[in-house]
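Engineer: Mind looking over this structure? Questions follow.
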Amino acid sequence: MISRRVKGLLVAAFSLLTLTFSNVTSAQEHHDGETGHEEQVHLEGAEEAGEQKFDANKVIFGHVMDAHEFHFLSWKGADGHEHHATIPLPVILYSTTRGLSTFMSSAFEHGHKEVNGYKLVDNHILPVDPSEKVYDLSLTRNVVQMFIALALLVFLMLGVAKRYKEGQGVTRAPKGFQNAIEPVITFVRDEVAKPNLGHKYARFMPFLLTVFFFILINNIFGLIPGAANVTGNIAFTIVLGVITFIVVNFSGNKHYWGHIFNPPVPGFVKFIMVPVEILSIFTKAFALIIRLFANMLAGHIIIICLISLIFIFGSISTVAGVGFSPISVGFAAFIYVIEVLVAFIQAFIFTNLTAVFIGQAVEEGHHHEDDHLQHGHVDHTTAPTEPVII
Amino acid sequence: MQLLTPSFGLLLWTLLAFLIVFFVLKKFAWKPILASLNEREKGIADSLESAKRVKAEMAQLKSENEDLMARAREERTAMLKEAKDTKDRIVAEAKEQAKIEANRIIADAQQAIQAQKMAAITEVKNQVGKLVIEVSEKVLRKELATPAAQEAHIQGLVNEVKLN
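If you read the protein sequences in the order shown, they are chains A and B.
So for the first sequence, our numbering puts the first residue at 1; every next one is plus one.
So for the second sequence, our numbering puts the first residue at 1001; every next one is plus one.
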């Protein structure tokens, strides 16, 4: 069971890898051919740049990847130059040789200029001197959007908490936004924490709630048109996955570790089982990381692909582009609605699986015999409570 | 490939943001909210429990009241019965007593009548005797008004006495 899952994940990861590799190479070939000048045509400006080729790769990855600015649209002015409507963001760089340097991303003039010995290539800041070691701590659009989303989350939650402290919702009926938040909190408590963690649920409630709302608000913010794709970024999901990994393994009890290093199987099978068990510690967190990342990224890519189709058809003939636009927009709207659902579902799945993993780690030994009768010896890590969700 | 290579900056900022949000929300949001929810749920459960208890108490009270009412009714009936009995008894007694008294009064009256009658008869006898004596006296006075008459009467009396 677990091996099948791992294999599935590996296949998904490799196909994604090959896809990105091919994209990068084709984009680079394309790039070399155009003498490094800013040739990127964004979909919003495609009408004005009719003679230029529409590059779907750049558009799609430009939208789902991180960037140093919020980019809304580009157009070619009467003077023949590219113009961009963007919100520049602060760049913070730490070089081991030159120390800290900060400036606004607008100083790069969309990659046309070098600043303080740094250049902007494909939304990546690189030192002009390639031997230099640089840490990029910039407030990129993902970071800024995440901060805005979290500030809103904290503001909303503190507002709700204040109401409760005042007795609203305790001695009197809850009011307004409390009514929206309260069912979610009680859902996490009654449907996620209690069934998986039993009587120990209270200890992990703050963590589960924070994970849930942290993912949810960033998912929702990612759905705003023009916003960054925060939860579909591997860095974001890695942080959450690693934190979950730490929480799960630090709350693991003797029973949990006993299962891993001394599985109750006949002696020679132990040699096979122990590595599998140790691997399973990591695959759990890895599955969480890839699942959230891939789901959110896929949704964003599908929507932008559907919209890009209009311009791909448009570059063949204007009539085809116009004719295809209702179909494209219809599908995009459909996927958009699904994405709203997915925003909630993925937040729930991440939280629920986190609760399941913590539940396995803190489970007491009294189910011991039952466990093995139920799940057999080979794949007991896949408890019946752990759904296989991709 | 860029998609799968996490950038160091975003990793760091996300970690920092998560930790800050976690500790802020844990202390200032989740604790009070969860405590409030628990308190409210406990309050509701307690209220329901006490409502149930009160209901049971009410039912008990009601049955007790009904008991009491029934007993009171019984008592009333008993009291009424007793009162009636008492009344009957008193009336009977009174009648009895009245009868005795009446009899006694009648007897007394009869006795008194008898006594009066006797007195009256005695009186009448006395009066009659007196009258007879008076009349006799008058008659005698008239007959014996003259000495000759007196002589003749004495003669007559003497003649009547026979000296044997």
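By construction, the Cβ of each residue, glycine as well, lies at the ideal position given by its N, Cα and C atoms.
Since this is a predicted model, take the numbers as computed values, not measurements.
1) For P130 (chain A) versus Y118 (chain A), is the C-beta spacing smaller than 7 Å?
2) Starting from F72 (chain A) and walking both ways along the alpha helix (DSSP H), at which residues does that stretch end?
3) Considering only residues of the segment 154-190 of chain A, which uninterrupted alpha helix (DSSP H) runs meet the minimum length of 4 residues and lie entirely inside it, listed in chain order?
4) By the 7 Å beta-carbon criterion, what residues does the segment 75-89 of chain A contribute toward chain B?
5) What are the start and end residues of each continuous alpha helix (DSSP H) run of 4 or more residues lying completely inside the segment 238-296 of chain A, in chain order?
6) Residues of chain A with CB under 9 Å from S1047 (chain B), in chain order?
7) Where does the unbroken alpha helix (DSSP H) through I1044 (chain B) begin, and where does it stop?
8) Once the 5 residues before and after Q413 (chain A) are set aside, which same chain residues still bring their CB inside 8 Å of it?
9) Please report the distance separating the alpha-carbon of Q346 (chain A) from that of P326 (chain A).
10) Which first and last residues belong to the beta strand (DSSP E) in which I401 (chain A) is found?
11) Over what stretch of residues does the alpha helix (DSSP H) that includes V342 (chain A) continue unbroken?
12) Is the beta carbon of T186 (chain A) less than 7 Å from the beta carbon of L1025 (chain B)?
13) If you measure between the beta carbons of I217 (chain A) and A161 (chain A), is that distance less than 7 Å?
14) At a CB-CB cut-off below 7 Å, which residues of chain A make contact with V1024 (chain B)?
15) Would E1041 (chain B) count as contacting chain A if we go by Cβ distances under 7 Å?
16) So with Cβ pairs under 7 Å, would you call S1050 (chain B) a contact of chain A?
17) Starting from I217 (chain A), trace the alpha helix (DSSP H) in both directions and tell me its first and last residue.
18) Does the Cβ-Cβ distance between P1032 (chain B) and K254 (chain A) come in under 7 Å?
19) Would K1044 (chain B) count as contacting chain A if we go by Cβ distances under 7 Å?
20) So, is A1070 (chain B) buried or exposed, given that buried needs 16 or more other C-beta atoms within 10 angstroms?
21) Report the neighbours of T1077 (chain B) on chain A: residues whose CB is nearer than 7 Å to its CB, in chain order.
22) Please state whether the Cβ-Cβ distance between A235 (chain A) and L1011 (chain B) is less than 7 Å.
23) Under 6 Å from any heavy atom of the ligand PLP, does the C-beta of G258 (chain A) make it?
24) By Cβ distance below 7 Å, which residues in the same chain neighbour D136 (chain A) in space, the five residues on each side in sequence not counted?
25) Are the Cβ atoms of F324 (chain A) and F313 (chain A) separated by less than 7 Å?
26) Within the chosen definition, does the segment 223-239 of chain A reach the segment 295-302 of chain A through at least 3 CB pairs nearer than 8 Å?
27) Just the Cα atoms here: how many angstroms apart are N352 (chain A) and V269 (chain A)?
28) Using a 10 Å radius around the Cβ and a threshold of 16 neighbouring Cβ atoms, would you call Q1150 (chain B) buried or exposed?
29) Report the rounded CA-to-CA distance for V24 (chain A) versus K200 (chain A), giving the unit in angstroms.
30) Is it buried or exposed for S280 (chain A), if we count other Cβ within 10 angstroms and need 16 for buried?
Structural biologist: This is what the structure gives:
1) As a position in the first sequence, residue 130 (chain A) is number 130, starting the count at 1. As a position in the first sequence, residue 118 (chain A) is number 118, starting the count at 1. Going by C-beta atoms, P130 (chain A) is not nearer than 7 Å to Y118 (chain A).
2) By 1-based counting over the first sequence, the position of residue 72 (chain A) is 72. Taken as a continuous stretch (DSSP letters only), F72 (chain A) belongs to no alpha helix (DSSP H), being part of the beta strand (DSSP E) at 69-76.
3) 177-187
4) none
5) 254-261
6) Mapped onto the second sequence, residue 1047 (chain B) falls at position 47. None at all; the shortest Cβ gap to chain A is about 11 Å.
7) The residue you call residue 1044 (chain B) lines up with position 44 of the second sequence. First-last of the alpha helix (DSSP H) with I1044 (chain B): 1031-1143.
8) With chain A covering 1 to 390 only, the question about residue 413 (chain A) has no answer from this structure.
9) The sequence position of residue 346 (chain A) within the first sequence is 346, counting from 1. The sequence position of residue 326 (chain A) within the first sequence is 326, counting from 1. Whole-angstrom Cα-Cα distance: 29 Å.
10) Examination of residue 401 (chain A) is not possible in this model, given that chain A is present from 1 through 390 alone.
11) Within the first sequence, residue 342 (chain A) is the residue found at index 342, counting from 1. Here the alpha helix (DSSP H) through V342 (chain A) covers 318-362.
12) As a working note, residue 186 (chain A) is residue 186 in the first sequence. As a working note, residue 1025 (chain B) is residue 25 in the second sequence. No, the Cβ-Cβ distance between T186 (chain A) and L1025 (chain B) is not below 7 Å.
13) The count along the first sequence starts at 1 and reaches residue 217 (chain A) at position 217. The count along the first sequence starts at 1 and reaches residue 161 (chain A) at position 161. Not a contact, by the Cβ cut-off of 7 Å.
14) Taking the second sequence and counting its residues from 1, one reaches residue 1024 (chain B) at position 24. Neighbours of V1024 (chain B) on chain A, chain order: V154.
15) Taking the first residue of the second sequence as position 1, residue 1041 (chain B) is located at position 41. With 7 Å as the cut-off, E1041 (chain B) does not count as an interface residue toward chain A.
16) Here residue 1050 (chain B) corresponds to residue number 50 of the second sequence, with the count starting at 1. So no, S1050 (chain B) is outside the interface.
17) Taking the first sequence and counting its residues from 1, one reaches residue 217 (chain A) at position 217. Unbroken alpha helix (DSSP H) run through I217 (chain A): 201-222.
18) On the second sequence, position 32 is the one that residue 1032 (chain B) refers to. On the first sequence, position 254 is the one that residue 254 (chain A) refers to. Not closer than 7 Å, so no.
19) On the second sequence, residue 1044 (chain B) is found 44 positions in, with the first residue counted as 1. The sequence shown places Ile at residue 1044 (chain B), rather than the Lys named in the question. Taking Cβ atoms only, chain A never reaches closer than 7 Å to I1044 (chain B), which makes this a no.
20) Along the second sequence, one-based indexing puts residue 1070 (chain B) at 70. Exposed, by the Cβ-count rule.
21) Here residue 1077 (chain B) refers to the residue found at position 77 of the second sequence. Correct list: empty, because the minimum Cβ distance to chain A is about 53 Å.
22) Residue 235 (chain A) sits at position 235 when you count from the first residue of the first sequence. Residue 1011 (chain B) sits at position 11 when you count from the first residue of the second sequence. A contact, by the Cβ cut-off of 7 Å.
23) No copy of the ligand PLP occurs in the structure displayed, which carries no ligand at all.
24) Working through the first sequence from its first residue, we reach residue 136 (chain A) at position 136. Closer than 7 Å at Cβ, skipping near neighbours: L93, I125.
25) As a first step, residue 324 (chain A) is located in the first sequence; it is residue number 324 there, counting from the start. As a first step, residue 313 (chain A) is located in the first sequence; it is residue number 313 there, counting from the start. The answer is yes: Cβ separation under 7 Å.
26) yes
27) Walking along the first sequence from the start, residue 352 (chain A) turns up at place 352. Walking along the first sequence from the start, residue 269 (chain A) turns up at place 269. If you take the alpha carbons of N352 (chain A) and V269 (chain A), they lie about 31 Å apart.
28) Taking the second sequence and counting its residues from 1, the one referred to as residue 1150 (chain B) is at position 150. Answer is exposed; the Cβ neighbour count stays below 16.
29) As a position in the first sequence, residue 24 (chain A) is number 24, starting the count at 1. As a position in the first sequence, residue 200 (chain A) is number 200, starting the count at 1. Residue confidence for V24 (chain A) is low, a pLDDT of 38 falling below 50, so the modelled location carries little weight; the figure read from the coordinates is stated next. Roughly 48 Å between the two C-alpha positions.
30) Here residue 280 (chain A) refers to the residue found at position 280 when the first sequence is read from its first residue. Per the 10 Å Cβ criterion, buried.
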